[in-house]
Amino acid sequence: MSAPLDRPAHLDRCDDDGRAWLERAVALVEADARRSADTHLLVYPLPPEWGVQLYLKDESTHPTGSLKHRLARSLFLHALCSGWICRGSTVVEASSGSTAVSEAYFARMLGLPFVAVMPATTSPEKIALIEFHGGRCHLVADPGTVYDEARRIAAETGGHYLDQFTHAERATDWRGNNNIAESVFEQLAAEEHPVPEWVVVGAGTGGTSATIGRYLRYRRLPTRLAVVDPEGSAFFPGWRDGDPAAVGRPSRIEGIGRPRVEPSFVPTIVDRMFCVPDAASLAAMRHLERATGRRAGGSTGTNLWGAFQLVAELVAAGRTGSVVTLLCDGGERYADTYYSDDWIAAQGMDLAPHTAVLEHFAATGAWS
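Numbering (my numbering), first residue to last: 741 to 1108.
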């Protein structure tokens, strides 16, 4: 059937100026990756007689100080190359903190306005970091409204909602291309146990676990993936019960744990999950500082709580091997919360029982 006479049969939407801006924007984001050396893979001090090594991938050394720098870079490249972000676009995100810090950094690099929609309970340190990088913080009282509020602001400004919770698992090339999984295995290549028994990560968007789990299968590696989840989060019961509609509550461990099972979480590639009490996460976070002198955030403590249990299982079985987890961000962002005894007391948390478990593990290799 021929086209109606009053409608053109050909339409050209070429935009040479827009395409030139896009090419410059992609080049700027890619240059950030080239300027950044790979993050360190640290050895956690375990007794050598255990025959088990524990490694921490220190993501706090990124330019914006956290694991989320990788995600933000991937989200921007994905949105730019999909034609969703153009010159002058207002970029909007729903974020509990670290992702927004990193996204504000990339938005300023590209000369774009950035709005972070986040719960009002987000730490003042993270809010200050977002504003330092040129972003604007839009705080909401009900954490469950951050998604709709972000969509509303993007629609009203004619901008783009990055939507980390939907796009995290598809924005990163899980087959390699210098993703976090490929980086870890390249750094382990000359170690005593170059193929770890376990990689342990938290679930925030689900993007990191999706990238690592897919990479392990693609490379046909026997390493298993363990995901740790804070108490009250929806990911653990959703995975346990096979229920993608599981409902939880907002997490006190910033960066991980969600009140719903996010679209980027891929449960079928997770081999094991741990539900970690918040007090245990903070006890492990503080234990890290006593053992290494390094301060990290609460999500790193959650990771360590799961990793220590897997190390203890290897020791109990008389097996050697290695375990890898992530140091997600530095502890300077949490001086007034996780490292404040007054804040912990006000939250009604008692770290002492969990600290005793960690001290027993450090002394004996046993978990109880």
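Quick reminder that beta carbons are idealized off the backbone N, C-alpha and C, glycines included.
Through-space distance from residue j to residue i, alpha-carbon basis
i: Val1006; j: Ser949; result: 8 Å
i: Pro781; j: Pro748; result: With the sequence shown as reference, residue 781 is identified as Leu, and Pro is not the correct amino acid for it. Roughly 59 Å between the two C-alpha positions.
i: Leu786; j: Arg980; result: 31 Å
i: Leu724; j: Ile952; result: Since the first residue shown for the chain is 741 and the last is 1108, residue 724 is missing from the structure and cannot be characterised.
i: Ala840; j: Leu928; result: 31 Å
i: Cys821; j: Ala1031; result: 44 Å
i: Ser814; j: His750; result: 34 Å
i: Thr804; j: Asp746; result: 54 Å
i: Val1010; j: Val968; result: 10 Å
i: Asp1081; j: Ser1021; result: 14 Å
i: Ala1056; j: Ala966; result: 19 Å
i: Ile920; j: Ala911; result: 13 Å
i: Trp1083; j: Asp1090; result: 11 Å
i: Arg959; j: Pro1017; result: 33 Å
i: Asp1076; j: Gly1037; result: 12 Å
i: Glu799; j: Arg774; result: 16 Å
i: Arg827; j: Arg954; result: 34 Å
i: Gly1061; j: Trp790; result: 10 Å
i: Tyr1079; j: Glu922; result: 33 Å
i: Ile756; j: Ser863; result: In the sequence as presented, Ile is not what sits at residue 756; that position holds Asp. Cα-Cα distance, rounded: 43 Å.
i: Asp752; j: Val766; result: 24 Å
i: Leu879; j: Ala856; result: 8 Å
i: Ser1108; j: His1094; result: 10 Å
i: Gly978; j: Val792; result: 32 Å
i: Thr897; j: Met858; result: 18 Å
i: Arg1034; j: Arg915; result: 32 Å
Reduced DSSP secondary structure (H/G/I, E/B, other) of residue i
i: Tyr958; result: helix
i: Pro1093; result: helix
i: Phe1005; result: coil
i: Pro977; result: helix
i: Glu994; result: coil
i: Glu833; result: strand
i: Ala856; result: strand
i: His933; result: coil
i: Ser1123; result: In the structure as shown, the chain starts at 741 and stops at 1108, and residue 1123 therefore has no counterpart that could be examined.
i: Gly1041; result: helix
i: Leu1054; result: helix
i: Arg915; result: coil
i: His873; result: coil
i: Gln927; result: helix
Proximity of residue i and residue j at Cβ, strictly below 8 Å
i: Ser842; j: Gly995; result: no
i: Thr1042; j: Gly942; result: yes
i: Val987; j: Pro1003; result: no
i: Val1063; j: Glu889; result: no
i: Leu1044; j: Ala1024; result: yes
i: Ala908; j: Leu1066; result: no
i: Val1051; j: Leu852; result: no
Nearest residue (CA-CA) to residue i, options the options
i: Phe1048; options: Arg1034, Ala1036, Asp755 and Leu1028; result: Leu1028
i: Ala1102; options: Asp983, Asp882 and Pro788; result: Pro788
i: Thr830; options: Ala1085, Leu762, Leu1044 and Ile893; result: Ile893
i: Pro984; options: Ser973, Val968, Glu971 and Val1001; result: Val1001
i: Gly947; options: Ala771, Arg989, Asp903 and Ser923; result: Asp903
i: Phe975; options: Pro962, Trp938, Met1013 and Ala1052; result: Met1013
i: Asp882; options: Ala834, Gly1038 and Arg876; result: Ala834
i: Ser973; options: Gly982, Thr897, Gly997 and Arg954; result: Gly997
i: Ser806; options: Glu871, Asp913 and Ser1039; result: Ser1039
i: Gly1071; options: Leu768, Lys866, Phe854 and Pro859; result: Lys866
i: Arg992; options: Gly944, Arg1035 and Leu817; result: Gly944
i: Ala819; options: Arg1035, Gly899 and Thr801; result: Gly899
i: Tyr1122; options: Gly1046, Phe816 and Leu869; result: Nothing about residue 1122 can be reported from this structure: the residues present for the chain run from 741 to 1108 only.
i: Val832; options: Arg876, Leu956 and Thr1008; result: Arg876
i: His1136; options: Ser776, Glu971, Pro970 and Val940; result: The chain is shown only over 741 to 1108; residue 1136 falls outside these bounds and no answer can be derived.
i: Leu956; options: Gly982, Glu971, Glu931 and Phe925; result: Phe925
Segment limits, beta strand (DSSP E) that includes residue i
i: Ser1062; result: Gly1061 to Leu1067
i: Arg964; result: Arg964 to Pro970
i: Glu799; result: Unbroken run through Glu799: none, as it is neither H nor E.
i: Leu781; result: Leu781 to Tyr784
i: Gly1037; result: Where Gly1037 is concerned, there is no enclosing beta strand (DSSP E), given that its DSSP letter is neither H nor E.
i: Arg876; result: Arg876 to Val880
i: Val766; result: Run containing Val766: none in the beta strand (DSSP E); it sits in the alpha helix (DSSP H), Asp756 to Arg775.
i: Trp824; result: Careful: Trp824 lies outside any beta strand (DSSP E) and carries neither H nor E.
beta-carbon residue i near the ligand NAP non-hydrogen atom, thresh 7 Å
i: Asp1081; result: This structure lacks the ligand NAP; in fact it carries no ligand of any kind.
First through last residue of the alpha helix (DSSP H) which encompasses residue i
i: Arg810; result: Lys808 to Cys821
i: Arg1026; result: Asp1018 to Thr1032
8 Å Cβ cutoff, residue i in contact with chain C
i: Leu1067; result: This model lacks chain C altogether; it includes just one protein chain.
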